[in-house]
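Enquirer:
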Amino acid sequence: MTAIVASSPYFSCLSALVPIQSGVSDAALKISQILTKTAVELIRSATGQAKIADPLSSLDRLFEECSAENWDGEGAAAIPYQAFEEAERLVYALPSFVPPPDVLPEPIGAVAFEWYRNQRYTYVLSVKGSHSVEFAGLFGPGDEIHGKANFDGCLPAMVAEHLRTFFHQ
Amino acid sequence: MKYITFMPPPSGRLSVYKTTGLVENEVWQLGHDYVAPILQKPILARADMNSVVAYAEGLAVEIAPSPHPRHANITGWDMNSTRTRLQATKLAAAAKLVMLTSPRGEP
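Line by line, the protein sequences give chains E and G. Following this note's numbering, the numbering of the first sequence begins with 226 at its first residue and continues without gaps. Following this note's numbering, the numbering of the second sequence begins with 763 at its first residue and continues without gaps.
(1) Thinking just about the alpha-carbon of each residue, which of Phe338/E, Asn295/E, Ser257/E, Asp297/E is nearest to the one in Phe309/E?
(2) Counting along the chain, where does the alpha helix (DSSP H) carrying Glu289/E start and finish?
(3) Buried or exposed for Ala854/G, going by 16 or more other Cβ atoms inside 10 Å?
(4) Does the CB of Ile766/G have a neighbour CB from chain E at under 8 angstroms?
(5) According to the neighbour-count rule (16 or more other Cβ atoms, all chains shown, within 10 Å of its Cβ), is Ile800/G buried or exposed?
(6) Whose C-alpha, out of Ile805/G, Val814/G, Val823/G, is nearest the C-alpha of Leu756/G?
(7) For Asp840/G, which residues from the same chain have a beta carbon less than 8 angstroms from its beta carbon, with the 5 sequence-adjacent residues on both sides left out?
(8) How about Val336/E and Leu287/E: do their beta carbons lie closer than 8 angstroms?
(9) According to DSSP, is Asn295/E helix, strand or coil?
(10) Residues of chain E with CB under 7 angstroms from Arg847/G, in chain order?
(11) Are at least three pairs of beta-carbons, each pair with one atom in the stretch 313 to 321 of chain E and one in the stretch 278 to 285 of chain E, less than 8 angstroms apart?
(12) So which residues of chain G does Pro171/E contact, with C-beta pairs closer than 7 angstroms?
(13) Along the chain, where does the beta strand (DSSP E) that runs through Ile825/G open and close?
(14) Under a three-way DSSP split, which group does Ile259/E fall into?
(15) What are the partner residues of Thr347/E, as DSSP defines its beta bridges?
(16) With burial defined as no fewer than 16 other Cβ atoms inside 10 Å of the residue's Cβ, what is the status of Pro234/E: buried or exposed?
(17) Excluding the five sequence neighbours on either side, which residues of its own chain have a C-beta within less than 8 angstroms of the C-beta of Glu819/G, listed in chain order?
(18) Which residues, taken in chain order from the stretch 764 to 798 of chain G, show a beta carbon closer than 8 angstroms to some beta carbon of chain E?
(19) Please name the residue in Arg775/G, Thr863/G, His833/G whose C-alpha comes closest to that of Asp795/G.
(20) Within a Cβ cutoff of 8 angstroms, which residues of the same chain sit near Tyr817/G, ignoring the five residues on either side of it in sequence?
Structure representation (structure tokens):
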């Protein structure tokens, strides 16, 4: 049997930390261990610190501050634990060319990632623990988008396309 | 300006104040007197936006004169639609961020 690891434009090495293992053979286990080790080393690096550790840290802080009803004093819904789990999976699933997002709590009980280039170029992803990711974006005057895609830990293709467009990849 | 500033709460009523005709200090005073106590945080900045932008997005500005005659709500959001987030993003894009320059709003 041959174990093959294929490269993907969206693979950032970090999805190895997501508890998904598709193979059961010794080779698959070995590859999983190698990827996990690589991912841990990357997170410890300066790049990994900015792209992974900082957003995760923000999620921890939001969990402390926004998991009870009315966390903003204006009737916000509590953000459920499942939303934070989903947001964490989203951090790992983001393509490597994407800079770390601003992590924000939404009053409807969701966690959002925002990338802001200027007033006319903004892209937002939002999760609330419902196995889906909602998106909204401004890509310049008259060019806007919003919608929803299934999210099971792998970045939806349409979201990857939005990010590529947004960051000119 | 963060879009989150304009994301409505679950009630679908985004609290705002009409500031037309007020001078700077009066605008900040509204924030200090009526918003800060609710947020339980000091006011450090505000977002100024022409209500025309809300109407252009299919939203409405409804007077809700409590706790102050100038209080209003931006309403008309479809809370079950992903369009809400886009509308909030567009309001944020049209808004102007004004930072507080001194503790009581004096220039």
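For glycine and all other residues, C-beta sits at the position ideal for the given N, C-alpha and C.
Expert: Well, looking at it:
(1) Phe338/E
(2) 279 to 291
(3) buried
(4) yes
(5) exposed
(6) Coverage of chain G is limited to positions 763 through 869, which leaves residue 756/G absent and any answer about it impossible.
(7) Hits under 8 angstroms: Thr846.
(8) yes
(9) coil
(10) Correct list: Val349, Ser351, Glu359, Ala361, His371.
(11) yes
(12) Residue 171/E is absent from the model: chain E starts at 226 and stops at 394.
(13) Counting along the chain, the beta strand (DSSP E) containing Ile825/G begins and ends at 822 to 825.
(14) helix
(15) Tyr341/E, Leu363/E
(16) Because Pro234/E sits at a pLDDT of 38, beneath the cut-off of 50, its placement in the model cannot be relied upon, and the following sentence gives the value as read from the coordinates. Exposed.
(17) Gln849, Lys852, Leu853
(18) Lys764, Tyr765, Ile766, Met769, Pro770, Pro771, Pro772, Ser773, Ser777
(19) His833/G
(20) Excluding residues within five positions, the ones whose Cβ falls inside 8 angstroms are Val823.
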